[in-house]
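Chains as they are written, first to last, in our numbering: chain A, 306 to 420; chain B, 8 to 119. Heads up, the beta-carbon is just placed ideally off N, CA and C, and yes, glycines get one too.
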């Protein structure tokens, strides 16, 4: 089973709201990722967790706060977002990062609209 | 630094025609290369992956790609396009450490 699940599928929030995106995988992968994708563009890496520890933060604004409570779950907490943050947010997982050539498996994404 | 370039942001073919999506890579070491497909309003799905075991890589849905070191290319092909192949296709390379470097993507349209 190569499934990564994400909830919710769609989210509309105001600039003063606090919301969270959730990602889950049960493939035993120990690396998990958050990407942001704007329309007609490739995904942009935001964060990488390896063995539940944050290993890469691609200079993402602090209004995005990732959390990895356990090896199967990854959250992205959102607070005081801007309209330009509207995008598709993708989660991915892979066997332990640092191993060259590991395949990343993507979830279906959460479509976020910030009003 | 590693990078990939996809030639053509949009490719249109007729149903039943050959599909050819181009990807060239830049890498100082043997690369690990991927092709992903993204259908409208969905996430990315792995089509195939090159890991140096074989230069011709077969993937899902009848797609294959050939690694050509002399041309630094990893083009994606399918002998006969189907309407369901219409999607965005991304070539990617990994420098390791959890990073995937994507090309800009190629949108494939299939005409009946």
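Check	Outcome
Residues sharing a beta bridge with residue 114/B, DSSP	17/B, 95/B
With 16 other Cβ atoms within 10 Å as the buried cut-off, status of residue 108/B	buried
Validate contact between the segment 381-400 of chain A and the segment 89-101 of chain B using beta carbons, cut 8 Å, 3 pairs	no
CB contact flag (residue 330/A, residue 377/A, <8 Å)	yes
Contacting positions in the segment 70-94 of chain B - beta carbon closer than 9 Å to chain A	none
Nearest-angstrom Cα separation, counted from residue 411/A out to residue 308/A	8 Å
CB of residue 336/A within 8 Å of CB of residue 105/B, strictly	yes
Close Cβ partners of residue 111/B (< 7 Å) along its chain, the five nearest in sequence each way excluded	13, 16
Proximity winner among 90/B, 46/B, 66/B, 99/B, relative to residue 23/B (alpha-carbon distances)	90/B
Inter-residue spacing [alpha-carbon to alpha-carbon] between residue 369/A and residue 25/B	43 Å
N-terminal and C-terminal residue of the beta strand (DSSP E) that residue 351/A is part of	349-355
Contact belief for residue 314/A with residue 392/A at Cβ below 8 Å, rounded distance in angstroms	14 Å between Cβ atoms; not a contact.
Of the listed residues 310/A, 365/A, 318/A, nearest to residue 419/A (C-alpha basis)	318/A
Residues within the segment 33-60 of chain B neighbouring chain A, beta-carbon criterion of under 8 Å	39, 41, 43, 48, 49, 50, 51, 52, 53, 56, 58
Proximity of residue 384/A and residue 346/A at Cβ, strictly below 8 Å	no
Cβ shell of residue 18/B (< 8 Å), same chain only, five flanking positions each side left out	26, 27, 28, 113, 114, 115, 116
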